[in-house]
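All the letters of the sequence shown, read from the start, carry residue numbers 945 to 1237 under the working numbering.
Please read the structure below before turning to the comments.
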Amino acid sequence: MRRARLIYNPTSGREEMKRRLADVLQRLDSAGIETSCHATTGEGDATRSAAEAVERGYDLIIAAGGDGTLNEVVNGMAGKDHLPPLGVFPLGTTNDFARALGISKNWEDYCDLVIRDVTRPIDVGVANDRCFINIAGGGTLTELTYEVPSKLKTMIGQLAYYLKGLEKMVSLAPQELIIRADGQPEIHDEFMVFLMANSNSVGGFEKLAPGASIDDGLLDVIALRKCNLAEFVRVVSLALRGEHVHDKKVIHFRTDYMEVYSPGPVQLNLDGEFGGVLPGTFRILPQHLRIFA
């Protein structure tokens, strides 16, 4: 019998896991997967629980929640020896990582995938001393993902991000950055936002990093130079079709190592959560985890 640890955010997805918990446990147990649970209680709790699950030798770990919960679980697992495979129940507002891998939101289908032990390797990004699984970035717009109150996300879902985005547009300002990456000339300019994507799905945009792959050992870097509101709207409309990477205002390249500096304070966003401030060193751990997908 396999032993699983289910780490779930009880407030994610309009509290769906709380309602489905008994059904999920019964389905896994009937297939020979003995599952214990941990409901997260605050920031960092999922990281501690995941680290403990690895140390206790669980055969698999399942994270149920949004991208932030998944980020915490990955941080609890990454870097340790003999990592168990990781399952993902996507219950958040955007679920970028699950969307990129085509993970079903149907809990029965996903339970069956876990039962059949269907996995694939994925890369994990590292920003300074913290891991990210989908996206790292900085700039005024990246701050909105962790500024939206959790209650508002629970009530109105992704609309909460759009409302916060409109509020941010009024004060959108460029930030001076110095970017150094392997295989690239140094870049020193003013930018509205910079992103390092591990997958093609970022912030609900499925073509923001159209060529990104979760297992290629590279990060897709996208940075938007200083622009006015009209230029910004133009680039966003291009991003909906994945055509923005050719725009003169956009820098796009791939790398496995990058350093970013700024003379001013610039916050970092890791998988939708606050990730400290610049300067930042970003690298990739190739095919570091196995995911049920």
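Backbone N, C-alpha and C fix where the C-beta goes; we use that ideal spot for every residue, glycine too.
{"query": "Could you pull the start and end residues of the beta strand (DSSP E) that Phe1033 belongs to?", "result": "Leu1030 to Pro1034"}
{"query": "Would you mind giving the Cβ-Cβ distance between Asn1144 and Lys1151, rounded to the nearest angstrom? I have them listed as a contact below 8 angstroms.", "result": "7 angstroms"}
{"query": "Run the CB neighbour count on Leu1088, radius 10 Å, all protein chains shown included, and call it buried at 16 or more, exposed below.", "result": "Reliability fails at Leu1088, whose pLDDT of 48 lies under 50, so the model's placement of it is uncertain and no value is given."}
{"query": "To the nearest angstrom, report how far apart Val1032 and Ile1006 are at their CA atoms.", "result": "6 angstroms"}
{"query": "Please confirm whether Ile1079 and Val1146 have their CB atoms less than 7 angstroms apart.", "result": "yes"}
{"query": "Secondary structure at Ala1167, three-state DSSP: helix, strand or coil?", "result": "strand"}
{"query": "Given this structure, state the Cα-to-Cα distance separating Pro954 from Leu1162, to the nearest angstrom.", "result": "34 angstroms"}
{"query": "Could you check whether the region 1195–1207 touches the region 1158–1176, counting it as contact only if at least three pairs of C-beta atoms, one from each stretch, sit closer than 8 angstroms?", "result": "yes"}
{"query": "Going by C-alpha distance, which of Leu1222, Asp1200 and Gly1220 is nearest Pro1230?", "result": "Asp1200"}
{"query": "Apart from the five residues just before and just after Thr1063, which ones in its own chain have a Cβ nearer than 8 angstroms to its Cβ?", "result": "Pro1029, Arg1234, Ile1235, Phe1236 and Ala1237"}
{"query": "Here's the rule: buried if 16 or more other CB atoms are within 10 angstroms of the residue's CB, otherwise exposed. What is Val1204?", "result": "buried"}
{"query": "Mind reading off the beta-carbon distance from Arg963 to Asp1003? Whole number of angstroms is fine, and I expect it under 8 angstroms.", "result": "Actually they are not in contact, since the Cβ atoms of Arg963 and Asp1003 sit about 26 angstroms apart, beyond 8 angstroms."}
{"query": "Identify, in the order they occur along the chain, each residue of the same chain with its Cβ nearer than 6 angstroms to the Cβ of Ala1125, setting aside the five sequence neighbours on each side.", "result": "Thr1199 and Met1202"}
{"query": "Could you give the DSSP three-state label for Gly1010: helix, strand or coil?", "result": "coil"}
{"query": "How is Thr955 classed by DSSP in three states: helix, strand or coil?", "result": "coil"}
{"query": "Is the beta carbon of Ser956 sitting closer than 7 angstroms to the one on Leu1057?", "result": "no"}
{"query": "Looking only at its chain, what residues have a beta carbon closer than 6 angstroms to the beta carbon of Val1070, apart from the 5 residues adjacent to it on each side?", "result": "Arg1227"}
{"query": "Hey, Phe1076 and Leu1214 are a contact pair by Cβ (cut 8 angstroms); roughly how many whole angstroms apart?", "result": "4 angstroms"}
{"query": "Which residue marks the beginning of the beta strand (DSSP E) containing Val1062, and which one marks its end?", "result": "That residue, Val1062, is in no beta strand (DSSP E); it is neither H nor E in DSSP."}
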